[in-house]
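Q: Would you mind keeping the following structure in view while I ask a few things?
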Amino acid sequence: MARLIKGLKNNRKVVFDAGKFDDWCVYVVEENGSRKAPFDIDYFTDLKTLSAHYIGNKVYDDFVTIYNLTTKSIDANVINQINKIVITYQEQHQIIIEQWLTVLYAGMIAEENKQFAILKKRVKRLGMHQVLIENLSPSIAANFSKGKKWRELDAVMKPKGF
28 MARLIKGLKN NRKVVFDAGK FDDWCVYVVE ENGSRKAPFD IDYFTDLKTL
78 SAHYIGNKVY DDFVTIYNLT TKSIDANVIN QINKIVITYQ EQHQIIIEQW
128 LTVLYAGMIA EENKQFAILK KRVKRLGMHQ VLIENLSPSI AANFSKGKKW
178 RELDAVMKPK GF
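See below:
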């Protein structure tokens, strides 16, 4: 049964529901009920494009704010923080930043709950860092972790400070 994470301003919802492996699959549900599990490349691409409209590392820094607050559970305080962050963006960007920060938040909760995951939410931060700070292409960042052992990824993350 779907668990609501957040209703969005565009009448979409972000939910957890059963996926191929567990009940922590993140879906964006349209107003008509159709749903899609977004891929890393989807939000990496949009957030990279969006970040070009803002000075400094705003998009990455806002993501890190949510990252730092993320635990194993959905927290109303984090949802409120997402809402506060969203209004700091230009009006035309608010819908997409709300959706992707919520999806990332849900994805990090899912990572924190994966039974045998060692790196947990850090994998999301690595991808975001690669796209928004290191300027890697969304495609390369989305596929970077595939097939790598956790120790190899941990060795990449530690010098970056996470």
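For the sequence shown, position 126 (counting from the first letter as 1) is numbered 153 according to the working numbering, and the numbering increases by one without interruption. Yeah, the Cβ is synthetic: ideal placement off N, Cα and C, and Gly gets one too.
(1) Taking the alpha carbon of LYS63 as the point to measure from, which residue in LYS40, GLY188, ASP102 has its own alpha carbon closest?
(2) In or out: THR115 buried (at least 16 other Cβ within 10 Å) or exposed?
(3) CA-CA distance, ILE122 and LEU35?
(4) To the nearest angstrom, how far is it from the Cα of LYS173 to the Cα of GLY154?
(5) Can the beta-carbon of LYS148 be found closer than 7 Å to that of THR92?
(6) Give the range of the alpha helix (DSSP H) segment to which ASP69 is assigned.
(7) Determine which residues share a DSSP beta bridge with TYR81 and list them.
(8) Could you give the distance in angstroms between the alpha-carbon of GLU57 and the alpha-carbon of VAL150?
(9) Would you list the residues sitting across from LYS63 in a DSSP beta bridge?
(10) Measuring alpha carbon to alpha carbon, tell me which of ASN37, ALA79, VAL158, LEU146 ends up nearest LYS176.
(11) Considering only the alpha carbon of each residue, which of ASP181, GLY46, ILE124, TYR70 lies closest to TYR81?
(12) From the DSSP output, which residues share a beta bridge with VAL105?
A: This is what the structure gives:
(1) LYS40
(2) exposed
(3) 8 Å
(4) 12 Å
(5) no
(6) 67-78
(7) For TYR81, which the question treats as bridged, DSSP gives no partner whatsoever.
(8) 27 Å
(9) VAL55
(10) LEU146
(11) ILE124
(12) Answer is none; VAL105 lacks a bridge partner.
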